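Below is one structure, written out as structure tokens; comments come after it.
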Amino acid sequence: MKAMLKNQWKMMLNSIKTQPGKNYVSYGIVFAVLAMLLLWLSMGIWFIHDLITEPVFTGMLSYGFLLSIGLILLLGMPQVFKQLYSATDLNLLFTMPIPTRIIFWVKYLQSFAGIPLLVFVFLIIPVYVYGAATGVSWLYYPVVMLVLIAFVVIGLSLAYLANLLLVQIIPAAKASEFMTVMSLLSGLLTYGLFMLPTLLNERPLSELILEGLPLFPEWAPVTWGSQAIIAASAGSLDFLLPFLMILTLAAVIVMLTLALVEKGFRTGWVRLNEGGGKKQRKGSRKTARSQLHHPAIAVGKKEWLTVKRDMREWLVFMPLVFFLVFGFVGALSGGADLSDLRGSAEISWPIAQVLLLFMYAMFNGQLAASAIAREALSIWLLRVLPLSGRHIALGKLWISWLLSFLLLTVIEIIIGLFLGWSVTQFLTGIAIKAVITTGISSIGIWFGTIGAKYNPSNPQNRLTFGTSFMLIIVSFVYLFVTLIPFIIVLIPVDAMNVTGSASQSSLGIFSMVSSLIHTLLSWKAAYPVMVMASGIILMAAVSLGIAYLFIVMSARRLDQGIEIDMVQSAASKPSLGNKSGRL
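Numbering (my numbering), first residue to last: 2 to 584.
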């Protein structure tokens with residue numbers, strides 16, 4: 002085990018040394034942002050420590066422990082799956098005379114270097130800052146460290162336990178969808194943990210913490226951890242009982258995980274890598290008559306069949322599902338009255354349109370950009386087909402636009418029926434989003450041609466980090482520009498008094514924007530039909546013009562040839578012989 006850990010350390014150092022230069026810049030930016038966030042959090046605790054009483058601190062600790070377990074489950078379960086079943090060194094390790102438990106322990110300890118370590122740092126530093134600011138006993142610091150380590154071990158062991166259990170349930174033929182199941186399960190578990198204090202107490206979490214009320218019953222493990230730390234801060238030996246209970250619970254969960262290692266680790270790895278499915282029964286089947294389509298339609302149809310076959314392709318919509326479903330449940334548990342939302346279509350409709358457009362900006366571009374990287378393994382085929390770059394760009398544009406448009410339109414219809422929107426509002430909102438989202442999808446197609454990446458084990462990640470970040474920024478800038486005439490059409494003329502006073506009282510850009518809106522509203526008051534028609538025409542012209550421009554640019558790049566970065570995994574063999582493919 003010592004030799005294996007030493008080898009893993011060398012491999013990690015070599016992987017860091019061989020990273021491209023742009024990756025160092027990305028890592029530096031991420032670390033700088035995290036360091037600034039940690040510094041801001043620690044300084045805030047230092048300056049307001051007098052307001053954090055012992056009951057409030059107890060509640061913050063309890064929810065912090067629960068949050069740590071939830072984050073490890075949410076972000077760590079897919080990483081644990083890769084460690085157990087997709088690591089490149091398992092092909093060699095399982096052929097060597099090394100016990101399975103030793104290999105498992107190495108993978109387990111290696112997992113601490115990711116999300117668990119980050120969660121541990123973000124918890125221990127603010128808690129230590131609070132202890133230094135309040136002058137606690139020296140016993141506080143080692144107890145805090147050991148309790149946090151115990152909760153990190155509990156979260157990581159639960160992530161391993163879930164993987165080892167599910168691998169015995171999921172059929173080998175559905176191995177490619179295993180990651181989808183893990184991501185969905187981790188999201189459900191995490192949301193359940195976050196909502197647990199509210200569900201147990203039927204009061205908002207913020208009120209419970211600020212009033213110093215207990216979030217969880219006495220038998221809850223997170224309560225044991227907070228009691229141990231509070232007792233240790235006063236130098237009392239009363240911390241021993243809850244402290245030992247936490248360590249015992251962590252040891253029990255680790256032992257349960259180890260009990261599934263032999264069957265869940267090695268056997269599960271063999272099943273997932275062998276795959277296999279039921280052989281199709283041979284028989285005489287009628288051959289369907291082939292039908293010729295326009296090249297753009299054929300490309301789009303091929304994209305749809307590819308997306309439909311692999312459940313993992315739909316992971317891009319998972320944050321949307323969590324946002325809608327869990328936001329709705331959270332509003333109900335927080336005491337919101339749904340009857341208050343009905344009967345105010347003049348207010349709910351424009352707000353819903355803006356929120357839906359922001360959802361489109363998050364998903365449309367990413368889905369369209371993924372369509373380019375999806376061709377990594379079929380480059381050789383596209384080279385010999387009589388397809389121009391314009392055909393490929395248009396084919397990928399209409400199908401990626403249609404998938405997200407249909408999904409969100411169904412959601413909008415459900416929301417609109419509940420809120421009582423009129424038919425005119427339905428048709429107007431659908432038409433506006435149909436035009437605006439075309440530009441977002443075309444922007445995504447172009448970004449896919451400049452930063453495509455193909456990872457067979459992670460198909461929803463189809464863009465490099467920098468390209469994905471720039472796509473989100475450009476999509477929201479485009480949305481902001483196109484929303485200006487849309488908002489002018491929606492703002493009532495009665496708001497002229499507000500914009501007029503705002504233009505006189507404010508300075509700089511705020512005064513200029515308020516003055517511009519005031520002028521447009523005065524035009525709208527004088528010529529309402531002309532201004533509204535002009536706003537709609539301007540919005541359509543900008544959206545369709547942007548769509549045409551980016552499709553032309555994408556077609557040109559496709560004709561010239563694009564680079565697709567190939568990420569190799571244990572389950573995939575080099576298909577093109579080199580690191581990147583060229584179309």
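For glycine and all other residues, C-beta sits at the position ideal for the given N, C-alpha and C.
Everything numeric in this text was worked out from a predicted model, so none of it was measured.
Alpha carbon to alpha carbon, how far is Gly-269 from Asn-8? Give it in angstroms, no decimals. 24 Å
Between the beta-carbon of Gly-546 and the beta-carbon of Lys-397, is there less than 8 Å? no
By DSSP's criteria, Met-567 is part of a beta bridge. Which residues make up the other side? According to DSSP, residue pairing for Met-567 in a beta bridge involves Tyr-455.
Residue interval of the alpha helix (DSSP H) (run including Lys-606): Absent from the model: residue 606. The displayed extent of the chain is 2 to 584, so no value can be given.
So, at 6 Å on beta carbons, what are the nonlocal neighbours of Gly-284 in its own chain, with the 5 sequence-adjacent residues on each side left out? Model confidence at Gly-284 stands at a pLDDT of 47, short of 50, so the residue's coordinates are unreliable and nothing is read from them.
As a quick exercise: from Gln-367, Lys-11, Val-490, Ile-518, pick the residue whose alpha carbon is nearest that of Gly-501. Ile-518
In terms of residue numbering, what span does the alpha helix (DSSP H) encompassing Trp-305 cover? Element bounds for Trp-305: 296-310.
Enumerate in chain order the residues of its own chain whose CB-to-CB distance from Tyr-361 is below 7 Å, with the five nearest sequence positions on each side excluded. Ser-405, Leu-409, Lys-434, Thr-438, Ile-441
If we count the other Cβ atoms within 10 Å of its Cβ and call it buried at 16 or more, is Leu-368 buried or exposed? With 16 or more Cβ atoms within 10 Å of its Cβ, Leu-368 is classed as buried.
Can you have a look at Gly-65 and say buried or exposed, based on whether 16 or more other CB atoms are within 10 angstroms of its CB? buried
Leu-420 versus Met-497 - alpha carbon distance: Going by the C-alpha atoms only, they are around 28 Å apart.
Answer yes or no: do Ile-30 and Tyr-131 have a C-beta to C-beta separation smaller than 8 Å? no
Quick check on the DSSP output: the alpha helix (DSSP H) that includes Met-246 runs from which residue to which? 241-260
Could you tell me the distance, in whole angstroms, from the CA atom of Ala-133 to the CA atom of Val-148? In a straight line, the C-alpha of Ala-133 is about 18 Å away from that of Val-148.
Along the chain, where does the alpha helix (DSSP H) that runs through Glu-55 open and close? Per DSSP, Glu-55 belongs to the alpha helix (DSSP H) from 55-82.
Which residues in the same chain have their Cβ closer than 6 Å to the Cβ of Gly-417, if we skip the five residues on either side of it in sequence? The answer, listed in chain order, is Phe-427.
Inspect the beta-carbon positions of Val-543 and Thr-483 and report whether they are closer than 8 Å. Contact: yes.
Would Ser-379 pass as a contact of Ile-446 if the rule is Cβ separation under 8 Å? no
Return the bridge partner residues of Leu-464 from the DSSP annotation. By DSSP's assignment, Leu-464 forms a beta bridge with Ala-453.
My assumption, with CB atoms under 8 Å, is that Pro-243 sits in contact with Ala-229. Please give the rounded CB distance. 4 Å
Simplified DSSP assignment, three categories, for Ser-371: helix
Taking 8 Å as the threshold, find out whether the region 6-21 comes into contact with the region 92-101 through three or more Cβ pairs. no
Name the two residues that bound the continuous alpha helix (DSSP H) containing Arg-391. Here the alpha helix (DSSP H) through Arg-391 covers 390-420.
Look at the Cβ atom of Gly-366, then the Cβ atom of Ile-444, and state whether they are nearer than 8 Å. yes
For Tyr-141, which of Gly-236, Leu-62, His-392, Asn-164 has the nearest alpha-carbon? Among Gly-236, Leu-62, His-392, Asn-164, the Cα nearest to that of Tyr-141 belongs to Gly-236.
Residue range of the alpha helix (DSSP H) that includes Ala-232: 222-234
Kindly list the residues whose CB is nearer than 6 Å to the CB of Val-137, restricted to its own chain and excluding five residues on each side of it in sequence; keep chain order. Excluding residues within five positions, the ones whose Cβ falls inside 6 Å are Ser-234.
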